[in-house]
Structures are given as C-alpha cells and as structure tokens.
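A short write-up of the structure that comes next.
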Amino acid sequence: MMTNGNGNGNGNGNAKPQLGATNHQMVESEKAELGLGAPVGAPAAKGWYSRGYLPHFDAPGTLQFITFRLADSLPQTVLKQLEQELEQLPISTRERERRKKIEQWLDAGLGCCALRHPRMAEVMQQTLQKFDGERYRLIAWCIMPNHVHVLIEPAISLPKILQSWKSFTGSWAISHNAELGLGVPRATGTTKNQFWMREYWDRYIRDEGHFHSTISYIHNNPVKAGLCEEAHDWPWSSAYNG
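Residue 537 is where the sequence shown starts when you use our numbering, and the numbers rise one by one after that.
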C-alpha cells in the first residue's frame, strides 16, 4: 500500500516531520505580498498535451512528479549542444536521455541559484505547502539551488498549480532581488525579468515501486549534488529532520 510520504524517505529509520512543518515561518505580511490568499478556480484537466517540446499529462487524481527550474539554470549553448547530441539517438530514447542530461547539468549549480538563499527557499517551501489538502496533496518535495522537485496528487489542473507557484515566487524574487542579492538577471531592452523557465517536466507515477523510487530520488538529490551528507540534513526538503 502506498504511503503519503510522511514516513522516512532516505532509508535511515529516522521519522520525518509532518508535511507543512518548517524551520522558519513566513510572516503574514509576506504571505499577503505573495498573493497567497483565496484559492483559484479548478479548470478542466487537459489529459495529454504539449507546450513547447515537452509532453505533459494533466489528470487530477494521479500522482505527479514535477521538476521546474530557474530561467538561467541552463545556458543556451548547453541546450543547443544537447539537442544536437539527441538528434543522433533513436527517437524512442531521446526524451529519457534529454531528462538525464538536463538533471546532470542542473545539479552542477549553474545560473544565479537564487533558491540557495535561505529566505528565498523558505518562500518557495511555504508556497508549496500553502494549498496542501486544497488544490493538491503534497507528498514530497526538495528545493535545490536552481530547481525544484515536487511529488503531488493534484485536485485541479496541473498547469494552474504550476502557474500559481511560479507567479507567487517569481514576483517575490524579482522584488527582493537587490535586497537579498539573489543575482536574478536584470531585464534589458530586448528581454524582461524572468525568474522561472516557462516549461517544466512532469511524470505520472505508474505503481508503488515507482512511487517509492521517486520519493527516494527527490530526497537524495542534495546528497547526489554534494550539498549535504544525508537527505535528512537538507532543510528545504520533506526529508528534513532538523
């Protein structure tokens, strides 16, 4: 039987805190500033669809593993080189290899890595937790320096959930960029301030084995990236045991 992720996800027998628990508390003024207020409506699910080159599966009630990243986390030169390499592979293996390579580059910590700042990471974490039990069931998460992993059971349209997360946190980051020294690239004459990459990756959970391996992957990403020794040491994760 599947659990909801509140048990230990790193195999060391230590109990994790309740989902929603956190080291720091967001003050009410910051919640108001983020616009974390009344819930949005629930648009119809899209099923399979594509926006850009990534396919998505939108179906409330399924368990969805989601990864989204900062806009400057992967240089265009890296992405162009990656696409050239993928063109040499069979079509059936391209998406799997693309995801694998991109995850490796993300763990290298490129870009401004604004989510490394404790206050920014806390805003991101509180935003994920805000509508747990209302718009979705929040099962597991990990906030990395330049990307975020989340496992949820959505109750409304997945694109709507992602849009709300990105809108709240992106606006907050840009407005606090100078104050906190987040390093978010400034807008120029031809570009506008963009905190998040528009696209995201989502993968629905097939079975119980996939469920547990996904939670393990999420919780151990900081260990794999060399950011901590044990999954429960990373404060911006549902595995945190501090």
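Note that the Cβ used here is the ideal one computed from N, Cα and C, for glycine as well.
Three-state class that DSSP yields for residue i in the structure shown
i: T598; result: coil
i: Q620; result: helix
i: W708; result: helix
i: A767; result: helix
i: H755; result: helix
i: S609; result: coil
i: W772; result: coil
i: F604; result: strand
i: L698; result: helix
i: L687; result: strand
Inter-residue Cα distance where the pair is residue i and residue j
i: T613; j: L664; result: 31 Å
i: I692; j: G669; result: 11 Å
i: E715; j: M656; result: 12 Å
i: V563; j: E765; result: The predicted model places V563 with a pLDDT of 44, which falls under 50 and marks its position as unreliable, so this point remains unresolved.
i: L618; j: R734; result: 19 Å
i: K637; j: I754; result: 17 Å
i: L625; j: S711; result: 43 Å
i: V659; j: K666; result: 10 Å
i: W732; j: N757; result: 20 Å
i: W671; j: P611; result: In the sequence as presented, Trp is not what sits at residue 671; that position holds Arg. When rounded, the distance between both Cα atoms is 33 Å.
i: V720; j: F604; result: 16 Å
i: S628; j: K616; result: 20 Å
i: R652; j: C678; result: 12 Å
i: P771; j: N713; result: 22 Å
i: S773; j: A676; result: 8 Å
i: V759; j: H685; result: 14 Å
i: Q600; j: L763; result: 25 Å
i: Q662; j: K696; result: 18 Å
i: K702; j: L687; result: 16 Å
Cβ neighbour criterion (16 or more within 10 Å) applied to residue i
i: S749; result: exposed
i: Q640; result: exposed
i: S700; result: buried
i: A650; result: buried
i: D743; result: exposed
i: A644; result: exposed
i: T705; result: buried
i: G588; result: Any reading at G588 must be qualified, since the residue scores a pLDDT of 46, below 50, and its modelled position is unreliable; the value itself is stated next. By the 10 Å Cβ count, G588 comes out exposed.
i: H778; result: Going by the sequence as given, residue 778 is Gly instead of His. Per the 10 Å Cβ criterion, exposed.
i: Y776; result: buried
i: Q620; result: exposed
Closer than 7 Å: residue i CB and nearest the ligand MN heavy atom
i: A775; result: Questions concerning the ligand MN fall outside what the structure shown contains, since it holds no ligand whatsoever.
Boundaries (first-last residue) of the alpha helix (DSSP H) holding residue i
i: R722; result: Premise fails: R722 is in no alpha helix (DSSP H) and is neither H nor E.
i: A657; result: P654 to K666
i: R739; result: Counting along the chain, R739 falls outside any alpha helix (DSSP H), though it belongs to the beta strand (DSSP E) covering W737 to Y740.
i: R673; result: No alpha helix (DSSP H) contains R673, which is instead part of the beta strand (DSSP E) from Y672 to I679.
i: S628; result: I627 to D643
i: A714; result: N713 to L716
First through last residue of the beta strand (DSSP E) which encompasses residue i
i: I692; result: Taken as a continuous stretch (DSSP letters only), I692 belongs to no beta strand (DSSP E), as it is neither H nor E.
Of the listed residues the options, nearest to residue i (C-alpha basis)
i: P690; options: I741, L763 and R634; result: I741
i: F737; options: R634, T629 and G719; result: The amino acid at residue 737 is misidentified as Phe; the sequence shows Trp. Ranking the options by Cα distance to W737, first place goes to R634.
i: N729; options: G597, A607, Q600 and V759; result: A607
i: I602; options: G778, F747 and L610; result: F747
i: I751; options: G647, H768 and L763; result: H768
i: G717; options: M680, P654 and T598; result: P654
i: T598; options: V684, A723 and L674; result: L674
i: A709; options: L698, R722 and I697; result: R722
i: C648; options: E623, A775 and P681; result: P681
i: L646; options: I688, H683 and L687; result: H683
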